[in-house]
Amino acid sequence: MTTTATVTQESGDARRASAHATDEARELAGSHILCEALVREGVELLYGYPGGAIMPFYDALPAYPRLHHVLVRHEQAAAHAADGYARATGKVGVCVATSGPGATNLVTGLATAYMDSTPVVAITGQVGRPFIGRDAFQETDVLGLTLPITKHNFLVRHVEELADVVHEAFQLARSGRPGPVLVDVPKDVQFAKTVYRPAASVRSIELYRATRVPQPAPEAIQQAARLIAQARRPVIMSGHGIILSNAYAELRALAEKTNIPVITTLLGLSAFPVDHPLFLGMPGMHGPAFVNRAIGVTDLIIGVGLRFDDRVTGKVSEFAPQAQIIHIDIDPSELNKVKPAVVPILADAKAALAALVEAVEPGNHQGWLSELRQWEAEEQERARRLSRPVPYPTPTDILDAIYEVTDGEATVVSDVGQHQMWTARFYKWTRPNSHITSGGLGTMGFALPAAMGVKMGRPEATVWVVAGDGGFQMNIQELATLRDEGVEIKVAIMNNGYLGMVRQWQEFFHQRNYSETPISSPDYVKLAEAYGLTGMRVERREDVQAAVQQAMQTPGTVIIDFAIEAEANVYPMVPPGAAITDMIIERE
Amino acid sequence: MGSDMTEQAIASARAGQADAPQGSARLYTLALLVDDRQGAVDRVVNVLRRRRANMRTLVVGPSEEAGVARVTVVVDDAEVGVEHLSEQLRKIVDVRQVLLFPAGRAIERELALVKVNCTAANRSEIIELGQHFGAQAVDLAPETLTLQVTGKGEQVEQLLERLQPYGIRELARSGCLAIARDE
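And the structure:
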């Protein structure tokens, strides 16, 4: 019931802000009802691209000045920008596209949001109802296409249900385990008129079973507290759920009270400060060896808001072989999915952690912690021994410079590939929710449009994109959108002239057969200039810091093209299908 | 190394439950109450496909409540998998309830229409055989005879086995319907 209250509360502002809104019932076209419903949901930003089947909506849009529409250059970017906005703000991101190719272009972005549980509402135009199913121009089965990659989707059948559907979509997107929801609106429904009553349009829907937030069972909390008291080598493993439920303080309180070290998954990074004495690192395929070693010997995993993804577990049967697992998740289908949990706790991470903090006794694991720090020191010493003096910028030079120049205040949006792993591993995540990346789907081309959403959601933030030369070229067209909107982000391209992660796999597992992985880039300085932005090229290590500084001092979006070592690898690495304790480490 | 491992992984993993032992798959009957909205059945079928459940039968029809359809599905799966599958199905917004019946814990029935070859000579023999299984002759033609049989899956199977020698021309089976047995 709280959700209804929220909607009503938001609608107060919305009514004041809306161009026409009053509480009185009046006849409106579907296109206007769509706008009214968005305003009532508190939407201020939408990313989209017009086209035939969504034209009535775009015709109505200028009448709603509160709805700031951002014209992207490709619908995929609209979905990523909405996703980035949602990740940065916790609010629902909105994207809009036309039927057919417009909708299919959204698919990658929706799948990305679905895999990483971010709240996005997509609105697509559809051909008029008489044409549906007749292979009309720009008709595609959007409902069918997006069925497996949305939390739910709707094809609006008549204008009378339109407002309800939009509100249901928002409620579903943000509730429970968040996710994308798509609303497909036939063109004739956008034209059709009906009596619109703002106050009555929020139907009491049957969605409560899908949107309810389960409370942690007290007996499960007690049982978990007992296991925690008995454990000798416990670890906390936390995931994206901490960020989604804003449970930073509770996570920290649990770690500190029990003195248990914290491992965070890729999407859990920045939920726990890396300079905290209890922080260990990222697990799995590219985690530090000592973290995976810790998982190999731990006797208790307190897993919070993570799904034990295969990049985390490696070979499941050899993952944490000695550990009992307490698993807290809001989604019942995640419990016991990959690893059986001795204590499954179905709850929002924040509520469960708060209850657990109350229930546990203060603990002391100094022996275990010093053992872990010893392993870490050995690993770092080895890395120091192996490091060679190089003339070109290294990933850590770039990441350290960003951290230092921004006083650790930046939000860093990474793309997908080697640079993503370097960023995850070597950036100093000290601010909550400052790390944004496509984890589950691993979508190249995510970073630039997502960063646009991040920056527009958090205008006061300094936003850096770290991308590879491959992924950056996948949504490079959004430079135009950034320029038009006056959105200021800074971009560091780690340019090695390869699709580096694939090349690394080819090196390790395909006898260095570098099939189709060398990739060329445009001249990024000229490219930036062509888009009316600023570009720089950095080829020497000693110029990294100054370039980052200059980028920060230059207004507008700035691209720095860093020429990094062509065949640098991400170490260590767990080969696919192997146990995580069985890592490939750099050769001496 | 990559391809070997991938094949092994595929061979050892069933329906998302990496720890399910080999050969532990068996039949389960699920009954779902689903809001009768557009795409609701698609969603159910899609989750079954997506989570790699082997669907044996699928029946969609009305339930006791208007606007709510009952979907009965028999899947061939390991227990860990079917629990996971049920949870995945419960996440579908249109799904109100998922009942999981382990084998033998529900009343399960199916209906079959069997068109068998017959001659004037063996027609009554076939009808009599059917009667042993509670089957009725619902259509008689010079060269064929159609029987309607209702019962548990294995009863239907037994009748079909007995009819095989005459030559089954056409077979239509409804798939399994199930309802909970009251204590």
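Chains as they are written, first to last, in numbering that gives the first Met the number 0: chain P, 0 to 587; chain D, 0 to 182. All residues carry an ideal CB built from backbone N, CA and C; glycine is no exception. Quick caveat: nothing in here was measured; it's all calculated off a predicted structure.
Cα-Cα separation between residue i and residue j, rounded to whole angstroms
{"i": "arginine 140(D)", "j": "glutamate 153(D)", "result": "The amino acid at residue 140(D) is misidentified as arginine; the sequence shows alanine. If I take the Cα positions, the gap works out to 28 Å."}
{"i": "arginine 176(P)", "j": "tryptophan 367(P)", "result": "34 Å"}
{"i": "glutamate 564(P)", "j": "leucine 481(P)", "result": "29 Å"}
{"i": "valine 69(P)", "j": "leucine 478(P)", "result": "13 Å"}
{"i": "threonine 553(P)", "j": "alanine 527(P)", "result": "13 Å"}
{"i": "threonine 263(P)", "j": "asparagine 363(P)", "result": "21 Å"}
{"i": "leucine 32(D)", "j": "glutamate 64(D)", "result": "9 Å"}
{"i": "alanine 216(P)", "j": "isoleucine 344(P)", "result": "7 Å"}
{"i": "histidine 131(D)", "j": "histidine 83(D)", "result": "41 Å"}
{"i": "alanine 120(D)", "j": "tyrosine 165(D)", "result": "12 Å"}
{"i": "glutamate 218(P)", "j": "threonine 410(P)", "result": "39 Å"}
{"i": "phenylalanine 445(P)", "j": "proline 458(P)", "result": "19 Å"}
{"i": "arginine 95(D)", "j": "proline 61(D)", "result": "14 Å"}
Assigned secondary structure, residue i (DSSP; H/G/I helix, E/B strand, else coil)
{"i": "tryptophan 504(P)", "result": "helix"}
{"i": "alanine 546(P)", "result": "helix"}
{"i": "glycine 463(P)", "result": "Checking the sequence, you will find tryptophan at residue 463(P) rather than glycine. Here tryptophan 463(P) sits in strand by DSSP."}
{"i": "leucine 532(P)", "result": "coil"}
{"i": "glutamate 26(P)", "result": "strand"}
{"i": "leucine 144(D)", "result": "strand"}
{"i": "aspartate 41(D)", "result": "helix"}
{"i": "alanine 20(P)", "result": "Reliability fails at alanine 20(P), whose pLDDT of 49 lies under 50, so the model's placement of it is uncertain and the value that follows must be treated cautiously. In this structure, alanine 20(P) counts as coil in the three-state DSSP scheme."}
{"i": "histidine 79(P)", "result": "helix"}
{"i": "glutamine 311(P)", "result": "The sequence as given places valine at residue 311(P); glutamine does not occur at that position. Helix."}
{"i": "asparagine 512(P)", "result": "coil"}
{"i": "phenylalanine 100(D)", "result": "strand"}
{"i": "threonine 410(P)", "result": "strand"}
{"i": "glutamine 472(P)", "result": "coil"}
Cβ of residue i within 9 Å of any chain P Cβ
{"i": "glycine 38(D)", "result": "yes"}
{"i": "aspartate 35(D)", "result": "no"}
{"i": "aspartate 75(D)", "result": "no"}
{"i": "glutamine 7(D)", "result": "Because glutamine 7(D) carries a pLDDT of 39, less than 50, the predicted location of this residue cannot be relied on, and no value is offered for it."}
{"i": "lysine 90(D)", "result": "yes"}
{"i": "glutamate 64(D)", "result": "no"}
{"i": "asparagine 45(D)", "result": "yes"}
{"i": "arginine 51(D)", "result": "no"}
{"i": "arginine 69(D)", "result": "no"}
Short CB-CB distance (under 9 Å) between residue i and chain B
{"i": "serine 514(P)", "result": "The question asks about chain B, but that chain is absent: this structure's protein chains are P and D."}
In DSSP terms, what residue i is bridged to
{"i": "threonine 480(P)", "result": "Per DSSP, none; premise fails for threonine 480(P)."}
{"i": "isoleucine 344(P)", "result": "Ile327(P)"}
{"i": "methionine 493(P)", "result": "Gly467(P) and Phe561(P)"}
{"i": "arginine 172(D)", "result": "Ala111(D)"}
{"i": "phenylalanine 278(P)", "result": "Val261(P)"}
{"i": "asparagine 53(D)", "result": "Asp75(D)"}
{"i": "arginine 69(D)", "result": "Leu32(D) and Gly60(D)"}
{"i": "methionine 284(P)", "result": "Per DSSP, none; premise fails for methionine 284(P)."}
{"i": "isoleucine 106(D)", "result": "Ile178(D)"}
{"i": "phenylalanine 153(P)", "result": "Val182(P)"}
{"i": "alanine 121(P)", "result": "Cys94(P) and Leu181(P)"}
{"i": "serine 237(P)", "result": "Thr263(P) and Val303(P)"}
{"i": "valine 94(D)", "result": "Val33(D)"}
Nonlocal neighbours in the same chain, by C-beta distance under 6 Å from residue i, ignoring five residues either side
{"i": "valine 40(D)", "result": "Val59"}
{"i": "arginine 536(P)", "result": "Val524 and Asp560"}
{"i": "leucine 105(P)", "result": "Glu74, Ala78, Ala96 and Ala121"}
{"i": "alanine 80(P)", "result": "Tyr46, Pro448, Met451 and Gly452"}
{"i": "phenylalanine 318(P)", "result": "Thr312"}
{"i": "serine 203(P)", "result": "Residue confidence for serine 203(P) is low, a pLDDT of 49 falling below 50, so the modelled location carries little weight and cannot support an answer."}
Contacting residues, own chain, Cβ-Cβ under 7 Å from residue i (five flanking each side not counted)
{"i": "lysine 349(P)", "result": "Ser244, Asn245, Ala246 and Glu249"}
{"i": "glycine 99(P)", "result": "Gln137, Glu138 and Thr139"}
{"i": "alanine 270(P)", "result": "Ser237, Ile241, Ile242, Tyr247, Leu250, Thr263 and Pro431"}
{"i": "asparagine 116(D)", "result": "Glu142, Thr143, Tyr165, Gly166 and Arg168"}
{"i": "threonine 429(P)", "result": "Pro272, Val273, Asp274 and Gly407"}
Chain D contact for residue i (CB, 9 Å cutoff)
{"i": "glycine 143(P)", "result": "yes"}
{"i": "asparagine 568(P)", "result": "no"}
{"i": "arginine 430(P)", "result": "no"}
{"i": "leucine 154(P)", "result": "yes"}
{"i": "aspartate 330(P)", "result": "yes"}
{"i": "proline 181(P)", "result": "Before going further, note that residue 181(P) is leucine rather than proline in the sequence given. Output row for leucine 181(P): interface = no."}
{"i": "lysine 336(P)", "result": "yes"}
{"i": "lysine 186(P)", "result": "no"}
{"i": "histidine 151(P)", "result": "yes"}
Same chain, Cβ closer than 8 Å to residue i, neighbours up to 5 away in sequence not counted
{"i": "alanine 228(P)", "result": "Val359, Glu360 and Gly362"}
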